[in-house]
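Novice: Each residue of the sequence shown is one higher than the last, beginning at 6 in this note's numbering.
We treat Cβ as the ideally placed atom computed from N, Cα and C, and that holds for glycine.
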Amino acid sequence: MRHVGLKVLAALAAAPFVAGSALAATAPPVIGQGSYGQELVTRLMTVHPAVSAMTLYITVPGSSGPESIAASDGHTGNPPPAAAAQALHAWRAHFAYEKASKQLTAEVPMLDMSHKKAGVMTIVLHGKSRPALIREALRIRNELARRTSYAANLVQEAVLNPNIPLDSYAQHIVDTELAKHRDVLILAIHATTPKNANPEILASNIGRIGKEADSDDMRVVRDGKTNLEVNKDLMRYEVELPLKNAAGERIGALGVVFPLTAHTHQKAKHAEAIRIRDEIAKQIPSAAKLVEPYT
């Protein structure tokens with residue numbers, strides 16, 4: 006486990022950051038249907054019925070400028086309209102409200118969960134007052150940020166194993182725990198179930214559903230050992246713990262990631278991750294339950 010001092014973090018803050026560079030080296034971007042960004046657009050529009058249109062623009066790894074990578078109307082691969090490009094350049098949201106129709110058109114800069122610049126979102130909402138719709142647009146931007154590890158996360162494949170449902174009981178658990186623990190950046194459940202022969206991500210707030218466990222994950226799953234790591238950008242403290250069911254049987258692993266600063270108390274975060282893991286274990290009667298649809 007690495008501990009990070011003030012000088013190291015200060016040097017990191019001054020260094021340039023390229024979102025998603027690791028992704029660019031390992032997998033081609035997925036734009037539109039099948040992408041994690043498109044899945045998020047669909048999800049957000051479902052839980053926010055005031056939204057009638059939504060498009061996300063990021064600079065895809067290897068591209069020279071932003072383009073639409075997910076859209077409610079299915080139109081992707083286009084540069085942002087002028088108002089959105091201006092909002093991105095100035096890094097300031099722009100709102101236009103039509104009083105007669107109670108419709109708000111907004112261009113809102115997007116962040117990832119580490120508060121780094123990710124792109125710009127265009128969104129159309131209706132049916133409420135201008136202040137109420139502005140608040141909702143910003144709330145949606147923040148919800149999107151909490152489910153975006155970094156900009157290029159949005160152009161990863163949303164589901165790698167179609168046998169695992171997006172609306173699973175495991176996803177319900179992850180969403181519930183994230184709402185309770187606002188200081189957690191990432192929460193991911195890995196397990197083997199009747200629907201997947203090898204340990205895979207069953208639920209997370211960064212997509213990648215069905216991604217097979219890597220060597221670090223397998224050490225936790227197979228040997229029951231905990232991984233404690235600082236990520237390569239020195240911005241996140243990662244705790245991966247053996248995950249058990251309510252009967253105490255080891256069924257997989259739980260990844261818990263916290264933001265890292267010079268003041269992060271790593272032992273306290275490790276203890277918090279254990280408490281979260283224990284809360285989750287009590288909710289799991291069996292591994293098979295995790296991949297049942299949740300209603």
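#1: Could you check where the beta strand (DSSP E) with GLY70 kicks off and where it finishes?
#2: If you run the structure through DSSP and keep just helix, strand and coil, what is GLU182?
#3: For my contact list, ASN168 and LYS200 are in at a C-beta cut-off of 8 Å; report their separation, rounded to the angstrom.
#4: Are at least three pairs of beta-carbons, each pair with one atom in the region 145–163 and one in the region 265–273, less than 8 Å apart?
#5: Could you check what DSSP says for TYR174 in three-state terms: helix, strand or coil?
#6: Just to confirm, is the Cβ distance from GLU72 to PRO86 under 8 Å?
#7: If contacts are defined as beta-carbon pairs under 8 Å, then THR81 and ILE36 qualify, I think. What distance do you get, rounded to the angstrom?
#8: Give the straight-line distance between the Cα atoms of SER291 and ASN166, rounded to the nearest whole angstrom.
#9: Please work out which residues of its chain come closer than 7 Å, Cβ to Cβ, to ALA286, disregarding the five sequence neighbours upstream and downstream, and give them in chain order.
#10: Quick one: complete alpha helix (DSSP H) runs, 4+ long, within the region 78–104?
#11: Along the alpha helix (DSSP H) that carries TYR155, what are the first and last residues, could you check?
#12: Roughly how many angstroms separate the alpha carbons of ALA76 and ILE214, rounded to a whole number?
#13: Assuming SER173 contacts ALA208 (C-beta within less than 8 Å), just tell me the rounded distance between them.
#14: Between HIS53, ASP117, ILE191 and LEU192, which lies nearest to VAL129 when the distance is taken from Cα to Cα?
#15: Between ALA90, PHE263 and GLU148, which has its C-alpha nearest HIS99's C-alpha?
#16: Closest to PRO33 by CA distance: which of VAL113, GLU162 and MET126 is it?
#17: Could you give the C-beta distance for HIS275 and VAL235, rounded to a whole number, given that I count them as a contact under 8 Å?
#18: Quick test of your reading: ASP117 and ALA156, contact by CB under 8 Å. State the CB separation rounded to the nearest angstrom.
#19: How should GLY257 be labelled, buried or exposed, when 16 other C-beta atoms within 10 angstroms of its C-beta is the threshold for buried?
#20: Leaving out five residues before and five after GLU182 in sequence, what residues of the same chain have Cβ atoms less than 8 Å from its Cβ?
#21: Label SER57 either buried or exposed according to how many other C-beta atoms from any shown protein chain fall within 10 Å of its C-beta, with 16 as the threshold for buried.
#22: Using only CA atoms, which one of ALA273, ILE139, PRO114 and LEU295 lies nearest to VAL179?
#23: I think ALA175 touches ILE194, with their Cβ atoms under 8 Å apart; what is that distance to the nearest whole Å?
#24: Ignoring anything shorter than 3 residues, give me the beta strand (DSSP E) runs that lie fully in the region 198–272, in order along the chain.
#25: Closest by CA to VAL113, which one among ALA293, TRP96, PRO136 and PRO170?
#26: To the nearest angstrom, report how far apart ALA273 and PHE263 are at their CA atoms.
#27: Given a threshold of 16 other Cβ atoms within 10 Å of its Cβ, counted over all protein chains shown, does THR51 qualify as buried or as exposed?
#28: What do you reckon, are the CB atoms on LEU45 and MET115 nearer than 8 Å?
#29: Is it the case that the Cβ atoms of GLU217 and ASN203 are separated by a distance below 8 Å?
#30: Does the distance from the CB of MET240 to the CB of SER106 come in under 8 Å?
#31: Looking only at DSSP bridge pairs, what is VAL65 linked to?
Specialist: If we stick to the structure as given:
#1: Judged by DSSP secondary structure, GLY70 falls outside any beta strand (DSSP E); it is assigned neither H nor E.
#2: It is helical.
#3: The pair is a contact, with the Cβ atoms about 4 Å apart (cut-off 8 Å).
#4: No, they do not touch.
#5: Of the three classes helix, strand and coil, the one that applies to TYR174 here is helix, per DSSP.
#6: Going by C-beta atoms, GLU72 is not nearer than 8 Å to PRO86.
#7: Their Cβ separation, rounded to whole angstroms, is 5 Å, which keeps THR81 and ILE36 in contact under 8 Å.
#8: Distance between the alpha carbons of SER291 and ASN166 is about 20 Å.
#9: Excluding positions up to five away in sequence, the list reads LEU248, LYS249, ASN250 and ALA251.
#10: Entirely contained in the region 78–104, the alpha helix (DSSP H) runs reaching 4 residues are, in chain order, 87–95.
#11: Unbroken run through TYR155: none, as it is neither H nor E.
#12: Between ALA76 and ILE214, the alpha-carbon positions lie close to 21 Å from each other.
#13: About 6 Å separates the two Cβ atoms, so the contact holds.
#14: A check of alpha carbon separations from VAL129 across HIS53, ASP117, ILE191 and LEU192 identifies HIS53 as the nearest.
#15: The shortest Cα separation from HIS99 among ALA90, PHE263 and GLU148 belongs to ALA90.
#16: That would be GLU162, whose Cα lies nearest to the Cα of PRO33.
#17: In fact, because the Cβ distance is near 12 Å, the residues do not count as touching under 8 Å.
#18: Contact holds; Cβ gap of about 6 Å.
#19: Using a 10 angstroms sphere on the CB of GLY257, the tally of other CB atoms reaches 16 or more, which defines it as buried.
#20: Closer than 8 Å at Cβ, skipping near neighbours: VAL189, LEU192, ILE281, GLU284 and ILE285.
#21: With fewer than 16 other Cβ atoms within 10 Å, it is exposed.
#22: The residue with the shortest Cα to Cα distance from VAL179 is LEU295.
#23: For a cut-off of 8 Å, the C-beta gap from ALA175 to ILE194 is around 5 Å, short enough to register as a contact.
#24: Runs of the beta strand (DSSP E) inside the region 198–272: 201–209, 232–235, 241–249 and 255–264.
#25: The shortest C-alpha separation from VAL113 is found at TRP96.
#26: Rounded to whole angstroms, ALA273 to PHE263 spans 11 Å at the Cα level.
#27: Burial call: exposed.
#28: Not in contact: LEU45 and MET115 (Cβ atoms no closer than 8 Å).
#29: Yes, these two residues count as a Cβ contact at 8 Å.
#30: For MET240 and SER106, no; Cβs fall outside 8 Å.
#31: VAL65 is not bridged to any residue.
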